[in-house]
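J.: Quick one: the structure is below, questions incoming.
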Amino acid sequence: MQRTLPVLLFLCCCSLLSRAQHKPTTFSNSTYIKANVTTLINELDIYIEQELTEKLSVELGVTGIYTDYPDYILAKKIDFGQKKPDISTEQFVEGRGLGFRAGLRWYIFSIYEGASRAGGTYFQPVLFYKKIFYPNEDVEINDAMYKESASKNVYGLQFLLGRQFTRGKIVFDPYLGLGIRSKVYHYTNFNNNSGTVQKDDGRLVSVLPSLQLGIKLGLKM
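In mature numbering (1 follows the signal peptide of the UniProt record, and there is no 0), the protein residues as written are -20 to -1, 1 to 201.
Here you go:
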């Protein structure tokens, strides 16, 4: 009996160790699909967030721009001494484009444990780029027709502070932040200069700080 008891204890320990080694971990790298509802007035922003570790995730986004009218308000209607691009209201309204974003998110104060950890207060630097094409406009000078064209490139860096949380499968992601963006306008216009057609190839660079405030809604996949 004295010899049998140590053998039984050894076998029990081996069995428990084997079960512990094969027990699945509670954490899985979850994926989240979100849309920014605060930018729907002029563009559709879709994001995918992928958990990397307990504290880090990466968020990638793509933007479809269907009007650039908000930039018309900022660039042409709000006057604080800045230069204004020679682009018409109709071109701003009918502007179309694409954008891309990439950010690394660090959850400073996490509120979840286990299978879902992308929740809580986070800090996130974001790089983004947008390309907008404005429609051509026909102008008549000296009984001849000319096409005026324009486009815009936007480069930016944002620093966001937010707090993400879920209700079942629904994801809520409100945020605020500060950033800086550079807008580079290119435009080609034609003017009547004393009976002579003058072509103007313009380029305007605007660098301004920006304020971010919004909310993303989505689903945990």
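The beta-carbon is built from N, C-alpha and C at its ideal position, and this holds for glycine as well.
Could you give the residue range of the alpha helix (DSSP H) that holds residue 50?
T.: Run containing residue 50: 49 to 52, per the alpha helix (DSSP H) assignment.
J.: If I follow the unbroken alpha helix (DSSP H) through residue 62, where does it start and stop?
T.: It is not in any alpha helix (DSSP H) - residue 62 carries neither H nor E in the DSSP assignment.
J.: Within 10 Å of its beta-carbon, does residue 63 have 16 or more other beta-carbons around it, so buried, or fewer, so exposed?
T.: With fewer than 16 Cβ atoms within 10 Å of its Cβ, residue 63 is classed as exposed.
J.: Compute the beta-carbon to beta-carbon distance between residue 43 and residue 78, rounded to the nearest angstrom, for a pair I have assumed lies under 8 Å.
T.: Rounded, the Cβ-Cβ distance is 6 Å, consistent with contact.
J.: Assess, as a yes-or-no matter, whether the stretch 125 to 139 is touched by the stretch 99 to 109 under the definition of 3 or more beta carbon pairs within less than 8 Å.
T.: Segments in contact, yes.
J.: Report the three-state DSSP secondary structure of residue 124 (helix, strand or coil).
T.: Three-state DSSP puts residue 124 in a strand.
J.: Whose C-alpha, out of 73, 17, 51, is nearest the C-alpha of residue 115?
T.: The shortest C-alpha separation from residue 115 is found at 73.
J.: Kindly indicate the opening and closing residues of the alpha helix (DSSP H) around residue 73.
T.: Taken as a continuous stretch (DSSP letters only), the alpha helix (DSSP H) holding residue 73 covers 69 to 73.
J.: Using DSSP bridges, identify the partner residues of residue 185.
T.: Paired residue(s): 164.
J.: Indicate whether the contact test is met: 3 or more Cβ pairs, each with one atom in the stretch 187 to 200 and one in the stretch 146 to 160, closer than 8 Å.
T.: Segments in contact, yes.
J.: Does the stretch 12 to 29 come within contact of the stretch 158 to 176, defined as at least 3 CB pairs closer than 8 Å?
T.: No, because fewer than three Cβ pairs between the stretch 12 to 29 and the stretch 158 to 176 fall closer than 8 Å, the two stretches do not touch.
J.: Nearest to residue 194 by alpha carbon, out of 157, 32, 71?
T.: If we check each option's Cα against that of residue 194, 157 comes out closest.
J.: Can you tell me whether DSSP reads residue 19 as helix, strand or coil?
T.: Helix, per DSSP.
J.: Taking the alpha carbon of residue 88 as the point to measure from, which residue in 192, 71, 161, 34 has its own alpha carbon closest?
T.: Selected option, being the one with the closest Cα: 34.
J.: Are residue 99 and residue 91 closer than 8 Å when you measure CB to CB?
T.: Cβ distance < 8 Å, so residue 99 and residue 91 count as in contact.
J.: Under the three-state reduction of DSSP, which class applies to residue 98: helix, strand or coil?
T.: In this structure, residue 98 counts as coil in the three-state DSSP scheme.
J.: What span of residues does the beta strand (DSSP E) with residue 37 cover, start to end?
T.: Here the beta strand (DSSP E) through residue 37 covers 36 to 45.
J.: With burial defined as no fewer than 16 other Cβ atoms inside 10 Å of the residue's Cβ, what is the status of residue 67: buried or exposed?
T.: Per the 10 Å Cβ criterion, buried.
J.: Between which two residues does the beta strand (DSSP E) harbouring residue 79 extend?
T.: First-last of the beta strand (DSSP E) with residue 79: 76 to 90.
J.: Counting only the same chain and skipping the five closest in sequence on each side, list residues whose C-beta sits under 6 Å from that of residue 130.
T.: For residue 130, where only same-chain residues beyond five positions count, the Cβ hits under 6 Å are 67, 71, 114, 167.
J.: State the Cα-Cα distance for the pair residue 181 and residue 85, rounded to the nearest angstrom.
T.: Rounded to whole angstroms, residue 181 to residue 85 spans 41 Å at the Cα level.
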